[in-house]
Amino acid sequence: LLAALMWGSEGGIDASNLPFSLVSIPLEPGLAARLASQLKERVSSELGVCLSVLIVDSDRTYKLGPLYISPRPTAIRGIIGRLGILAYVLGNALRLKSFPTPVASSEPDMRPEVALRLASVASRAMGHGAGRDVWEMASRFGVGLTEVTWEMLESVEHRPVVLVRPLRPRGRSARPGRPSPGPPQGRS
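Numbering (this note's numbering), first residue to last: -14 to 173.
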């Protein structure tokens, strides 16, 4: 209940990028970790690629000295989750560095620093879709909170899934015996 007191909060549920009064209930960390592992196994077996899966939430995790604190629960070891409004108040009052929250990983031993960096890169690539929260989404379309339709949402680019891969130092080949692709050619 205290989660509803946080600025921009939707009471611990996600209503952005959904029409009418539909909401998405957050994944519990244990279920999220199982889903991340299952997705990794399925993609690995069907496509024959090696990958890691990280499930990310836009709710913020804050760096407090050597600690990482989060309002929401997380399965990432080294991040203290479920702190609710306490993490939010500390993070904002002390102007702590914040990151999107990594909820779970297919790699149980992923260090929190790595998970937070990947979550930040992925979050920037995903963007905010129709808005950061339900109020911004409704304002964008000029309608009431429960009047956003599927058609309105289809008019907005929304990337709920992104692939992140490590960059190679310039001049190094992607594979032995192959030339490096060179510097990137503009952004699309």
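Beta carbons are placed, not taken as given, at the ideal position from N, Cα and C, and that holds for glycine. Being a predicted model, the structure only gives us computed values, none of them experimental.
For the pair Ala18 and Lys25, the Cα-to-Cα distance works out to about 11 Å. Per DSSP, the continuous alpha helix (DSSP H) segment holding Lys25 begins and ends at Pro14 to Leu32.
In the DSSP secondary-structure assignment, Asp42 is bridged to Thr86.
The straight-line gap separating the alpha-carbon atoms of Leu71 and Ser108 is approximately 23 Å. Taken atom to atom, the span from the alpha-carbon of Pro93 to that of Glu142 is near 32 Å. Sixteen is the threshold: when 16 or more other Cβ atoms of the shown chains lie within 10 Å of the Cβ of Phe84, as they do, the residue is buried. Taking all protein chains in view, the Cβ of Ser1 is crowded by 16 or more other Cβ atoms within 10 Å, so the residue is classified as buried.
The alpha-carbon of Phe126 is positioned some 29 Å away from that of Arg57. In this structure, Val146 keeps its C-beta atom at 8 Å or more from the C-beta atom of Ser91.
In the three-state reduction of the DSSP assignment, Leu49 falls in the strand class, which pools E and B. For Ser124, the enclosing alpha helix (DSSP H) covers residues Val119 to Phe126. Between the region 105 to 121 and the region 39 to 47, the count of C-beta pairs closer than 8 Å reaches three or more; the two stretches touch. Between the region 99 to 107 and the region 72 to 79, the count of Cβ pairs shorter than 8 Å is below three; the stretches do not touch. DSSP places Ile61 outside both helix and strand once states are collapsed to three, so it counts as coil.
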